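Report on the structure given below.
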Amino acid sequence: MKVIKTAPHVPTDISVEKISDRQIRVSVSAFESGYAITLAHPIRRFLLQSSVGYAPIGIKIENVAHEFDSVRGMAEDAALFIANLKNIRLVGRAKNPDEQLVVHYSFKGPAKLSGKHLEVEGVGVVDKEAYLATINEDVQLDFTLIIQRGMGYVPSESIRGLIPSDYIPLDAYFTPIKKVVYNIENMLVDGNPNFERVIFDIESDGQIDPQHAFQEAVKTMHAQMHIFSTSMAHSKGAYTLEDSLEVKDLVRKVEDLDLSARCFNCLDKIGIKYIGELVLMDAYELKGIKNLGKKSYDEIAEKLEQLKYPVGQELSPEFKASLKARIEKLKSEES
1 MKVIKTAPHV PTDISVEKIS DRQIRVSVSA FESGYAITLA HPIRRFLLQS
51 SVGYAPIGIK IENVAHEFDS VRGMAEDAAL FIANLKNIRL VGRAKNPDEQ
101 LVVHYSFKGP AKLSGKHLEV EGVGVVDKEA YLATINEDVQ LDFTLIIQRG
151 MGYVPSESIR GLIPSDYIPL DAYFTPIKKV VYNIENMLVD GNPNFERVIF
201 DIESDGQIDP QHAFQEAVKT MHAQMHIFST SMAHSKGAYT LEDSLEVKDL
251 VRKVEDLDLS ARCFNCLDKI GIKYIGELVL MDAYELKGIK NLGKKSYDEI
301 AEKLEQLKYP VGQELSPEFK ASLKARIEKL KSEES
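Using full-length UniProt numbering, you'd call the opening residue of the sequence shown number 1 and step up by one each time.
Next up, the structure:
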């Protein structure tokens, strides 16, 4: 018998199968007919385009003027050396992940160089055995890399202005996700064969855990769609993010977190009055608060986790700007 509905069925089952350290399979069900592809396609796009990774954006090779130059004593010319370099996935380990990393390397031949030779303090390497170059005896190879965190693909012509003029700009492949495919299967729910299950196969390049990447992509998708659910002001048909329920929740006073006296006093001394100010800080900034010990940091991190705003969570630029503006307005009204 046909049933008239007033709301679509909400999926309740999700499973994650670990295929390898770099690959997972995510199965989600059950969707009404047509709903699975409606959500699966944008999630795939967000995984490929908004996942954040590291890549070299510039290189300076001693005695090399441009990327088509030869390198004395090296089997590869500059172009092939750079191509090999791009195939080696690097991971930044700086205290501030958004800072450019400038790393100098010096190798004396004879030597066969691979990914493991690029691993230094502040820089990790995913594929340590990946080939880089071969240098001859009595040759010293000196080069400097600029490594940065980003998302998607940025062509070298767009990078030129971000690096010193004596560096060669590199096409930057930041995306740490190598593959995302999804399949949609029909399934039976309460005798109805028209429900659907979506199965994602996700593979990373080793920079990032694929399950974490999936979760971050969904968060980013939610943040992009959040504007449609914000309260709308009726004057002139405009609306503002400052009226969103999430922003209102984050402009509550810090004392509402019920922190310990020591923890609260540390925040009070530097003028942190609102929960949103903590949400806008990354782990490095929080740990840098004067006299804030590990116990107090862990206490704050736990409270923010309970609010669904874990330390270091990626926030959209619009949301951060809105939250900052609201807090500044409140502080100015208090003074």
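C-beta atoms are modelled at their ideal positions from N, C-alpha and C, and glycine is treated no differently. Here the structure is a predicted model, which means the values were calculated and not measured.
Listed in chain order, the alpha helix (DSSP H) runs fully inside the segment 68 to 144 are 78 to 86, counting runs of at least 4 residues. In the DSSP assignment, M187 is bridged to F195. A distance below 8 Å between beta-carbons, with the five flanking residues on each side excluded, links A213 to the following residues of its chain, in chain order: L47, S51, P176, I177, I202 and S204.
Within the DSSP secondary-structure output, M151 pairs in a beta bridge with V52.
Inclusion of C266 and E299 in the CB contact set at 7 Å is not warranted, their separation being larger than that value. Residue environment analysis places L141 among the buried positions, since at least 16 neighbouring C-beta atoms fall within 10 angstroms of its C-beta. Taking all protein chains shown into account, P56 has 16 or more neighbouring C-beta atoms within 10 Å of its C-beta and is therefore buried.
The beta carbons of K108 and T134 sit about 13 Å from each other, so the pair does not count as a contact at 8 Å.
Taken through DSSP and simplified to helix, strand or coil, Q23 comes out as strand. With respect to the C-alpha of E99, the residue from Q211, H222, L292 and L162 having the closest C-alpha is L162.
DSSP places I227 in the helix class (H, G or I) of the three-state scheme. Approximately 5 Å separates the beta-carbon atoms of I199 and S27; this is inside 8 Å, confirming the contact. For D298, the enclosing alpha helix (DSSP H) begins and ends at K294 to Q306. If you compare the alpha carbons of E196, K179 and Y274 with that of K329, the shortest gap goes to Y274.
For G58, the closest C-alpha among the options S33, K324 and L101 is that of L101.
Cβ contact annotation for Y182 (same chain, cutoff 7 Å, sequence separation greater than five): A40, R44, V198, I199 and F200, in chain order. Residue pairing by DSSP puts V181 in a beta bridge opposite D201.
If you compare the alpha carbons of T12, E76 and G293 with that of F31, the shortest gap goes to T12. As the crow flies, the alpha-carbon of P310 is around 33 Å from that of G115.
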